[in-house]
């Protein structure tokens with residue numbers, strides 16, 4: 001029997017198909033046996049944990065580089081032979097560093113891998129291969145390998161040939177299957193995942209591209225990328241996934257509340273995290289959403305950017321004054337492209353900057369967005385509009401000094417008042433006419449006079465009650481009904497000696513009432 005070391009040495013190091021997993025390369029180097037090119041790593045046992053980065057790494061890449069004598073390099077394997085970039089795409093920065101450390105050098109560094117809920121059973125999916133690509137690689141290289149992009153979660157189609165993936169069957173040669181053409185949705189998902197897995201090695205590039213795509217679709221404000229139309233994005237993204245995703249497990253995962261919010265938090269904050277599959281779906285949404293009617297079609301490159309929030313532009317008469325506004329800089333001077341930042345800070349509009357620099361408006365807009373001047377432009381334009389609105393309001397106040405805000409809103413300029421209430425409410429309150437508070441009833445009378453009037457009302461009520469036929473009991477409740485004063489107010493009034501003495505002689509006991517009733521009926 002040949003020793004284990006000799007058996008490993010007898011396995012030749014050969015080239016493998018492009019995008020083969022690092023686990024397949026490790027099988028070739030440290031496999032427990034070699035039979036017809038079917039390599040099975042001794043680490044892949046029932047007791048051993050599954051590999052890293054969606055089971056594409058079972059042996060540290062540094063060890064593979066050492067065993068292969070430099071034929072396979074760590075830097076190239078991370079890009080072409082693993083899904084480390086995709087697996088770390090939705091992680092936090094700290095968790096991403098730990099994953100790269102374990103993939104490269106091994107060790108026991110703890111990290112939190114991306115996982116789905118247990119009921120999806122996607123965390124333990126079998127190895128999938130393409131019934132067309134695997135025999136082709138077998139004929140060309142003489143080895144059976146597993147391709148990285150076939151192991152992306154919920155991928156059921158081959159990105160290269162468009163056939164349905166099948167579970168890998170162990171053996172010396174690939175199993176014979178009847179290829180089945182995948183549907184268009186599954187193929188789009190596989191191709192998007194393959195492109196994103198390559199692009200994910202530059203994490204910031206993926207996030208920036210998706211943010212720009214959401215800006216073009218109208219779900220995000222340009223520049224700061226901090227304001228999202230989250231309600232519209234969640235509704236459209238959920239509807240798109242419901243129509244695009246064919247796997248019922250993934251479809252149910254996308255319908256979980258706040259799913260879009262978590263993806264936006266990952267785009268917005270460094271501490272945000274999400275599963276890479278949702279990033280793939282977001283990429284599919286911005287690419288194919290228009291075909292399903294859940295997002296607007298992609299705009300042209302020279303389309304007009306929306307640099308201000310709609311609430312700042314709409315309302316009042318800003319659209320008219322925007323065209324006739326005076327130029328805040330010297331109009332006789334010649335300006336060039338490099339002067340645009342200074343013109344933005346001076347308060348020039350896009351149309352004014354295009355005229356004095358002799359550039360097209362779309363060129364000016366793109367310059368503002370790409371040089372991150374959108375926030376400054378928004379703030380300066382809003383200050384100009386606010387100053388115009390304040391000047392107009394002070395003019396109305398000087399013309400109608402005794403008019404309230406509501407009166408000026410109804411009779412003069414309704415849009416101006418609404419704009420100020422929405423965008424400059426504190427200033428409007430300080431520069432509005434305040435009427436004096438309404439005087440309370442009997443405020444001109446002293447407390448003594450007030451209780452004198454109440455006593456007179458009680459006397460008249462007692463006189464009317466006792467004069468009724470048939471006789472009626474003159475109690476405190478009946479006096480309260482006759483005077484129109486509540487019992488609670490009557491009890492508070494009894495704290496005054498004058499009212500207390502009057503009620504003591506006016507409210508008759510029950511025996512006295514029955515005696516008066518018999519006397520009147522006799």
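Residue numbers (UniProt numbering): 1 to 522.
The beta carbon of each residue, even a glycine, is placed where N, CA and C say it ideally should be.
Quick caveat: nothing in here was measured; it's all calculated off a predicted structure.
- By the neighbour-count criterion, in which a residue is buried when 16 or more other Cβ atoms sit within 10 angstroms of its Cβ, residue 102 is buried.
- Runs of the alpha helix (DSSP H) lying entirely within the stretch 365 to 434, each at least 4 residues long, are 374 to 399, 405 to 411, 414 to 423 and 425 to 430 in chain order.
- Its chain contains 131 and 166 as the residues whose beta carbon lies nearer than 6 Å to that of residue 177, once the 5 sequence neighbours on both sides are disregarded; these appear in chain order.
- If the five residues before and after residue 200 are omitted, its C-beta is found closer than 7 Å to the C-beta atoms of 85, 86, 89 and 206, all from its own chain and listed in chain order.
- The beta-carbon distance between residue 19 and residue 149, rounded to whole angstroms, is 6 Å. This is short enough to meet the 8 Å contact definition.
- Take residue 402, set aside five residues on each side of it, and the residues of its chain with a beta-carbon closer than 7 Å to its own are 433, in chain order.
- Here residue 154 has 122, 247, 250 and 277 as same chain residues with Cβ atoms under 7 Å from its own Cβ, once five neighbours each way along the sequence are excluded.
- Remark: C-beta atoms of residue 151 and residue 349 do not approach each other more closely than 8 Å.
- Taking a contact as a CB-CB distance under 8 Å, the pair residue 229 and residue 219 counts as one, their CB atoms being some 5 Å apart.
- Across the set 15, 236 and 243, the C-alpha of 15 shows the shortest separation from the C-alpha of residue 137.
- Here residue 489 carries a helix assignment [DSSP, helix/strand/coil].
- In the displayed model, residue 228 falls within a strand according to three-state DSSP.
- In the three-state reduction of the DSSP assignment, residue 83 falls in the coil class, being assigned neither a helical nor a strand state.
- Residue environment for residue 183: exposed (fewer than 16 other C-beta atoms within 10 angstroms of its C-beta).
- A Cβ-Cβ distance of about 6 Å is found for the pair residue 59 and residue 30, placing them in contact under the 8 Å criterion.
- Residue 421 has its alpha-carbon roughly 33 Å from the corresponding atom of residue 367.
- Rounded to whole angstroms, the gap between the alpha carbons of residue 80 and residue 211 is 26 Å.
- Of the other Cβ atoms in all chains shown, fewer than 16 fall within 10 Å of the Cβ of residue 391; this residue is therefore exposed.
- According to the DSSP assignment, residue 213 belongs to the alpha helix (DSSP H) that extends over 203 to 217.
- The C-beta distance from residue 54 to residue 83 rounds to 5 Å, short enough to meet the 8 Å contact threshold.
- The residue among 243, 232 and 431 with its C-alpha nearest the C-alpha of residue 189 is 243.
- A Cβ-Cβ distance of about 6 Å is found for the pair residue 357 and residue 336, placing them in contact under the 8 Å criterion.
- Inclusion of residue 494 and residue 503 in the CB contact set at 8 Å is warranted, their separation being smaller than that value.
- Separation of the CB atoms of residue 506 and residue 458 is rounded to 7 Å, and the pair is thereby assigned contact status at 8 Å.
- Comparing alpha carbon positions, the residue from 193, 171, 67 and 144 closest to residue 156 is 193.
- Contact between residue 51 and residue 76 does not hold, since the beta-carbon distance rounds to 19 Å and is not under 8 Å.
- For residue 92, the secondary structure class from DSSP, reduced to helix, strand or coil, is coil.
- Measuring C-alpha to C-alpha distances from residue 386 to each of 327, 347 and 215 identifies 347 as the nearest.
- No Cβ-Cβ contact shorter than 8 Å links residue 478 with residue 464.
- The Cβ atoms of residue 354 and residue 345 lie no closer than 8 Å to each other.
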